[in-house]
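*Asks:* If you scroll down you'll find the structure; I have some questions about it.
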Amino acid sequence: MNKGFFDQVYDLVAQIPRGHVVSYSQVAGMLEQPHNARVVGWAMRQSPPERNLPSHRVVKKSGELAPGFTNQRHLLEQEGVTFDQKGRVQMKQHNWNR
Numbered sequence: 000m001n002k003g004f005f006d007q008v009y010d011l012v013a014q015i016p017r018g019h020v021v022s023y024s025q026v027a028g029m030l031e032q033p034h035n036a037r038v039v040g041w042a043m044r045q046s047p048p049e050r051n052l053p054s055h056r057v058v059k060k061s062g063e064l065a066p067g068f069t070n071q072r073h074l075l076e077q078e079g080v081t082f083d084q085k086g087r088v089q090m091k092q093h094n095w096n097r
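Each step along the sequence shown adds one to the number in numbering that gives the first Met the number 0, with nothing skipped, and position 46 is 45.
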């Protein structure tokens with residue numbers, strides 16, 4: 000994937016409203032690249048700090064949080080996102096479909 004795709008990912012993630020989440024695969028699908036969920040993950044790991052993206056709002060399709068993002072749950076809880084007993088985001092309640 001090229002930088003253009005990364006910029007598309009960043010532009011889309013910037014639109015996710017507070018209290019909502021999307022999965023890596025949803026982002027890829029919204030950008031008409033449904034098989035590139037991993038590339039979305041790479042893009043998020045390399046996101047420029049100056050873009051100030053709400054990267055905490057991107058989770059696995061199961062609702063699991065990103066590995067290594069220790070503050071993610073806290074940030075989502077501050078926005079009213081709820082979790083099940085296994086610590087996964089309750090996707091039916093908080094999934095964003097633009």
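Ideal Cβ positions, reconstructed from N, Cα and C, are used throughout, including at glycine. All figures in this text were calculated on a predicted structure; none of them were measured in a lab.
Using 8 Å as the threshold, is the region 48 to 68 in touch with the region 18 to 36, meaning 3 or more CB pairs across them?
*Replies:* Taking 8 Å as the limit for Cβ pairs, the verdict is that the region 18 to 36 does touch the region 48 to 68.
*Asks:* Would residue 56 and residue 12 be called neighbours here (beta carbons separated by less than 9 Å)?
*Replies:* A contact, by the Cβ cut-off of 9 Å.
*Asks:* As a quick exercise: from 91, 38, 71 and 78, pick the residue whose alpha carbon is nearest that of residue 6.
*Replies:* The shortest C-alpha separation from residue 6 is found at 38.
*Asks:* Buried or exposed: which applies to residue 71, given that a residue is buried once 16 or more other Cβ atoms fall within 10 Å of its Cβ?
*Replies:* So residue 71 counts as buried.
*Asks:* Would you mind stating whether residue 93 and residue 20 have Cβ atoms separated by less than 9 Å?
*Replies:* A contact, by the Cβ cut-off of 9 Å.
*Asks:* From residue 17 to residue 41, what does the alpha carbon distance come to, in whole angstroms?
*Replies:* For residue 17 and residue 41, the distance between alpha carbons rounds to 23 Å.
*Asks:* Report whether the distance from the Cβ of residue 67 to the nearest heavy atom of the ligand MN is below 8 Å.
*Replies:* Within the structure as shown, the ligand MN is missing, as the structure has no ligands at all.
*Asks:* What did DSSP end up calling residue 80 once you bin it into helix, strand or coil?
*Replies:* It is coil, neither helix nor strand.
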